[in-house]
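Participant:
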Amino acid sequence: MRIEIVDEAIPAEAIVAEMKAGADGAVCVFDGIVRDNTRGRRTLHLDYEAYREMALEQMKGLAAEAVTRFGVRDVALVHRLGRLVVGETSVLVVVASAHRGAAFDACRWLIDTLKTTVPIWKKEQFVDGAVWADGEPFPAAMAVHSGDDLEMLG
Amino acid sequence: MRIEIVDEAIPAEAIVAEMKAGADGAVCVFDGIVRDNTRGRRTLHLDYEAYREMALEQMKGLAAEAVTRFGVRDVALVHRLGRLVVGETSVLVVVASAHRGAAFDACRWLIDTLKTTVPIWKKEQFVDGAVWADGEPFPAAMAVHSGDDLEMLG
Amino acid sequence: MLGYSGLMRVRVLYFGVLRDLAGHREVEVELAEGLSVAEFLAFQRASFQRASVAEASQLWDSIAVAVNKEYARGDVVLRDGDEVALLPPVSGGRGL
Amino acid sequence: MLGYSGLMRVRVLYFGVLRDLAGHREVEVELAEGLSVAEFLAFQRASFQRASVAEASQLWDSIAVAVNKEYARGDVVLRDGDEVALLPPVSGGRGL
Chain Y
680 MRIEIVDEAI
690 PAEAIVAEMK
700 AGADGAVCVF
710 DGIVRDNTRG
720 RRTLHLDYEA
730 YREMALEQMK
740 GLAAEAVTRF
750 GVRDVALVHR
760 LGRLVVGETS
770 VLVVVASAHR
780 GAAFDACRWL
790 IDTLKTTVPI
800 WKKEQFVDGA
810 VWADGEPFPA
820 AMAVHSGDDL
830 EMLG
Chain H
680 MRIEIVDEAI
690 PAEAIVAEMK
700 AGADGAVCVF
710 DGIVRDNTRG
720 RRTLHLDYEA
730 YREMALEQMK
740 GLAAEAVTRF
750 GVRDVALVHR
760 LGRLVVGETS
770 VLVVVASAHR
780 GAAFDACRWL
790 IDTLKTTVPI
800 WKKEQFVDGA
810 VWADGEPFPA
820 AMAVHSGDDL
830 EMLG
Chain B
20 MLGYSGLMRV
30 RVLYFGVLRD
40 LAGHREVEVE
50 LAEGLSVAEF
60 LAFQRASFQR
70 ASVAEASQLW
80 DSIAVAVNKE
90 YARGDVVLRD
100 GDEVALLPPV
110 SGGRGL
Chain L
20 MLGYSGLMRV
30 RVLYFGVLRD
40 LAGHREVEVE
50 LAEGLSVAEF
60 LAFQRASFQR
70 ASVAEASQLW
80 DSIAVAVNKE
90 YARGDVVLRD
100 GDEVALLPPV
110 SGGRGL
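Residue numbers (the working numbering), protein chains in the order written: chain Y, 680 to 833; chain H, 680 to 833; chain B, 20 to 115; chain L, 20 to 115.
#1: What do you reckon, are the CB atoms on G111(L) and Y730(Y) nearer than 8 Å?
#2: Would you verify that the beta carbon of I712(Y) is, or is not, closer than 8 Å to some beta carbon of chain D?
#3: Give the secondary structure of I684(Y) by DSSP, where H, G and I count as helix, E and B as strand, and everything else as coil.
#4: For chain B, find out if any of its Cβ atoms is closer than 8 Å to the Cβ of T747(H); answer yes or no.
#5: Quick check: the Cα distance between A700(H) and R681(Y), rounded to an integer number of angstroms?
#6: According to DSSP, simplified to helix, strand and coil, what is D703(Y)?
#7: Flag L97(B) as yes if its beta-carbon sits less than 8 Å from any beta-carbon of chain H, otherwise no.
#8: Hey, L26(L) and L50(L) are a contact pair by Cβ (cut 8 Å); roughly how many whole angstroms apart?
#9: Grab me the residues of V764(Y)'s own chain with a C-beta within less than 6 Å of its C-beta, minus the 5 sequence neighbours each way, in chain order.
#10: Mind checking whether L771(Y) and I689(Y) have CB atoms under 8 Å apart?
#11: Alpha carbon to alpha carbon, how far is D99(B) from V810(H)? Give it in angstroms, no decimals.
#12: Determine the DSSP secondary structure at I799(H), reduced to helix, strand or coil.
#13: So that I know if they touch, is there some Cβ in chain Y lying closer than 8 Å to that of R64(L)?
#14: Considering only residues of the same chain and omitting the five flanking positions on each side of A745(H), which have a CB-CB separation below 8 Å?
#15: Going along chain Y, which residues have a C-beta under 7 Å from V653(H)?
#16: Out of R718(H), I799(H) and A781(H), which one is the CA nearest neighbour of A777(Y)?
#17: What first and last residue would you give for the beta strand (DSSP E) that runs through L756(H)?
#18: Less than 8 Å between the C-beta atoms of G93(B) and V36(B), yes or no?
#19: Determine the direct distance from the alpha carbon of R28(L) to that of F709(H), and round the result to whole angstroms.
#20: Just how far apart, CA to CA, sit I712(Y) and R30(L)?
#21: Would you list the one or two residues that DSSP bridges to A745(Y)?
#22: Does any CB atom of chain L fall closer than 8 Å to the CB of M733(Y)?
#23: Using a C-beta to C-beta distance shorter than 9 Å, which residues of chain B count as neighbours of F817(H)?
#24: On the criterion of 16 or more Cβ atoms from any shown chain inside 10 Å, does H758(H) qualify as buried, or is it exposed?
#25: Taking the continuous alpha helix (DSSP H) assigned at N64(L), which residues delimit it?
#26: On a Cα-Cα basis, can you pick out the residue from S769(H), A696(H) and G704(H) that is closest to D686(H)?
#27: Helix, strand or coil, according to DSSP, for V29(B) in the structure here?
#28: Excluding five sequence neighbours on each side, which residues of the same chain lie with their C-beta closer than 6 Å to the C-beta of S81(B)?
#29: From Y90(B), A85(B), Q77(B) and V96(B), pick the residue whose C-alpha is nearest to that of L32(B); which is it?
#30: With the cut-off set at 8 Å, would you say L40(L) and F67(L) are in Cβ contact?
#31: Compare the C-beta of R113(B) against all C-beta atoms of chain H and say whether one is closer than 8 Å.
#32: If you reduce the DSSP assignment to three classes, tell me which class F34(B) lands in.
#33: To the nearest angstrom, how far is the alpha carbon of A104(B) from that of P798(H)?
#34: Any idea what DSSP makes of E692(Y), helix, strand or coil?
#35: Could you check the C-alpha separation between A782(H) and L78(B) for me, to the nearest Å?
#36: So which residues of chain Y does F67(L) contact, with C-beta pairs closer than 7 Å?
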């Protein structure tokens, strides 16, 4: 498993190439790239930052869970930090598996879960200003308050 | 849209690279590769053959339908024919889209639908014999007999 | 088949396991005009069985037919010069 | 807070929009021993509001807290030397 947080361009082709093994019938790749707009507002660049050590541990945990949960053979999960311009890859997910259903399911679960649980944030620089991108709410397992907590604090 | 049936190695990296455009936030790739076994039986190579002109038309139709149905920006669909050895790519599906949900959905629909509707067959050469791989049943829209036909023939 | 007025020529294509069973990929045949796809398929099935090259009936029940490179229903009527292909269940791609 | 027996030092990390609001990424603070994550978060929220750098309460309701690089529930009790991070909803990846 190749799980990394990097500060330079992600070598997507090399990572995909090294993932393939004889037992694989399917490789599913998700390549997240910097779009030229967000809801129609023109993007100049994005700045990604992370709680780096924690993010890497979370990513390792997700990769291991994907292998167990979906029965895939191998996973690569690489996220880039720093300033990225339009067209550059911010995150690469690669899943290699004997069968395609598991490869798709694991790949999608990995990117969906990464986006709500791995401590990485991005600031979008538009032509007319900059904002921190809204994140989706944390899953219950990561939240400070369970229902019980809230009542205790009440 | 790059829709092709080829007789030589699929240039996957070049195809993926040329698919990216500024409006894309997500690229989903499915790379179908020759596995070293089928249900534990060791594979030497696969021979793919097609009803070539029809297969290409079907693939063009699927790509166009994927764009309409899922709202993705662009699709590449390339299938290789002839003899392939373990580790080689037989089919490549690439979907570029502003958003990742549509990219995943379109990519998976394309490979699932290709596998049941595009007239391509493969013969698997094992160490101990060769067999035509079982296909999945045709969808109702491609079958000769609707329920009505069967009654007429009764 | 009685009452048909004449003959037509169609080109028949076999693929996959059917090509191996037929021993060739392509043949030109003369058929009675007005034959439907379903009738054509029944004749093909019978002729394979006569030649003792029949596979399980499961295969024949699952075959699709393309007329001039498009999937055709059983009630489509064949015409002179048609290209008719017998298609076993397809198995392109990879990663089932 | 009455009745706590002493003080402890914890390192507090701010990320994303909170780092911009705080004006720094990291600070060491002294806190009463026995403080829970939920109590700590309430104090942080109040201090941001005192400094008039509060964002919508929606932000504070959605913050997660990591203690020593692991997500922590509100009832976790902080200890001397802990690293406590305030995490706004994350937005890594791409292609929402």
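Positions of the beta carbon are idealized from the N, C-alpha and C atoms, including for glycine.
In this text, all values refer to a predicted model and were calculated from it rather than measured experimentally.
Facilitator: In brief:
#1: For this step, residue 111(L) is matched to residue 92 along the fourth sequence. For this step, residue 730(Y) is matched to residue 51 along the first sequence. Taking the C-beta atoms as reference points, Y730(Y) is found no nearer than 8 Å to G111(L).
#2: Among the protein chains in the structure shown, which are Y, H, B and L, there is no chain D.
#3: Within the first sequence, numbered from 1, the residue matching residue 684(Y) stands at position 5. When secondary structure is reduced to three states using DSSP, I684(Y) falls in the strand class.
#4: Your numbering for residue 747(H) matches position 68 in the second sequence. Against chain B, the CB of T747(H) has no partner CB under 8 Å away; the residue lies outside that interface.
#5: The residue you call residue 700(H) lines up with position 21 of the second sequence. The residue you call residue 681(Y) lines up with position 2 of the first sequence. One C-alpha to the other measures close to 27 Å.
#6: Position 24 of the first sequence, counted from the first residue, corresponds to residue 703(Y). If DSSP states are grouped into helix, strand and coil, D703(Y) belongs with coil.
#7: Numbered from 1 along the third sequence, position 78 holds the residue referred to as residue 97(B). Judged by the 8 Å Cβ criterion, L97(B) is not in contact with chain H.
#8: Within the fourth sequence, residue 26(L) is the residue found at index 7, counting from 1. Within the fourth sequence, residue 50(L) is the residue found at index 31, counting from 1. Indeed they touch by this definition, with Cβ atoms about 7 Å apart.
#9: Here residue 764(Y) is taken as the residue at index 85 of the first sequence, counted from 1. If we look at V764(Y) and ignore the five residues flanking it on each side, its Cβ neighbours are H724.
#10: Taking the first sequence and counting its residues from 1, one reaches residue 771(Y) at position 92. Taking the first sequence and counting its residues from 1, one reaches residue 689(Y) at position 10. A contact, by the Cβ cut-off of 8 Å.
#11: The residue given as residue 810(H) occupies position 131 in the second sequence. The residue given as residue 99(B) occupies position 80 in the third sequence. Cα atoms of V810(H) and D99(B): separation of roughly 35 Å, rounded to the nearest angstrom.
#12: Within the second sequence, residue 799(H) is the residue found at index 120, counting from 1. In the structure shown, I799(H) falls within a strand segment according to DSSP collapsed to helix, strand and coil.
#13: Counting from 1 along the fourth sequence, the entry for residue 64(L) is found at position 45. With 8 Å as the cut-off, R64(L) does not count as an interface residue toward chain Y.
#14: By 1-based counting over the second sequence, the position of residue 745(H) is 66. Counting only Cβ-Cβ distances below 8 Å, and skipping sequence neighbours, we find V751, V754, V774, A785, W788 and L789.
#15: This structure leaves residue 653(H) out entirely; chain H is present only between 680 and 833.
#16: Start at 1 with the first residue of the first sequence, and residue 777(Y) comes out as number 98. Each of R718(H), I799(H) and A781(H) was checked against the Cα of A777(Y), and the nearest Cα belongs to R718(H).
#17: The residue you call residue 756(H) lines up with position 77 of the second sequence. Its beta strand (DSSP E) spans residues D753 to R759.
#18: Reading the third sequence from its first residue, position 74 is the one you call residue 93(B). Reading the third sequence from its first residue, position 17 is the one you call residue 36(B). In this structure, V36(B) does not lie closer than 8 Å to G93(B) by Cβ.
#19: To locate residue 709(H), count along the second sequence from 1; it is residue 30. To locate residue 28(L), count along the fourth sequence from 1; it is residue 9. Those two C-alpha atoms are separated by around 51 Å.
#20: By 1-based counting over the first sequence, the position of residue 712(Y) is 33. By 1-based counting over the fourth sequence, the position of residue 30(L) is 11. Cα to Cα, I712(Y) sits roughly 34 Å from R30(L).
#21: As a first step, residue 745(Y) is located in the first sequence; it is residue number 66 there, counting from the start. DSSP output for A745(Y) lists no bridge partner at all.
#22: The residue given as residue 733(Y) occupies position 54 in the first sequence. So yes, M733(Y) belongs to the interface.
#23: Taking the first residue of the second sequence as 1, we reach residue 817(H) at position 138. Result: S81, I82, A83, Y90, L106, P108 and V109.
#24: Here residue 758(H) refers to the residue found at position 79 when the second sequence is read from its first residue. Under the 10 Å beta carbon count, H758(H) is surrounded by 16 or more other beta carbons and is classified as buried.
#25: Walking along the fourth sequence from the start, residue 64(L) turns up at place 45. The residue asked about is misnamed: residue 64(L) is Arg in this sequence, not Asn. V56 to R69 is the span of the alpha helix (DSSP H), which, as asked, contains R64(L).
#26: In the second sequence, the residue the question calls residue 686(H) occupies position 7. Ranking S769(H), A696(H) and G704(H) by Cα distance to D686(H) puts S769(H) first.
#27: Within the third sequence, residue 29(B) is the residue found at index 10, counting from 1. Strand at V29(B).
#28: Start at 1 with the first residue of the third sequence, and residue 81(B) comes out as number 62. Here S81(B) has P108 as same chain residues with Cβ atoms under 6 Å from its own Cβ, once five neighbours each way along the sequence are excluded.
#29: Here the question's residue 32(B) lines up with position 13 in the third sequence. For the residues Y90(B), A85(B), Q77(B) and V96(B), the minimum Cα distance to L32(B) belongs to A85(B).
#30: Against the fourth sequence, residue 40(L) aligns to sequence position 21. Against the fourth sequence, residue 67(L) aligns to sequence position 48. Yes.
#31: Against the third sequence, residue 113(B) aligns to sequence position 94. For R113(B), the answer is yes, since a Cβ of chain H falls inside 8 Å of its Cβ.
#32: By one-based count along the third sequence, residue 34(B) stands at place 15. F34(B): coil per DSSP, three-state reduction.
#33: Residue numbering aside, residue 104(B) sits at position 85 when the third sequence is read from its first letter. Residue numbering aside, residue 798(H) sits at position 119 when the second sequence is read from its first letter. So the two alpha carbons sit approximately 10 Å from each other.
#34: Residue numbering aside, residue 692(Y) sits at position 13 when the first sequence is read from its first letter. Three-state DSSP puts E692(Y) in a helix.
#35: For the purposes of this step, residue 782(H) is taken as residue 103 along the second sequence, with counting starting at 1. For the purposes of this step, residue 78(B) is taken as residue 59 along the third sequence, with counting starting at 1. A782(H) and L78(B) have their alpha carbons spaced roughly 35 Å apart.
#36: In the fourth sequence, residue 67(L) corresponds to position 48, counting from 1. Going along chain Y, no residue has its Cβ under 7 Å from F67(L), so there is no contact; the nearest lies around 15 Å.
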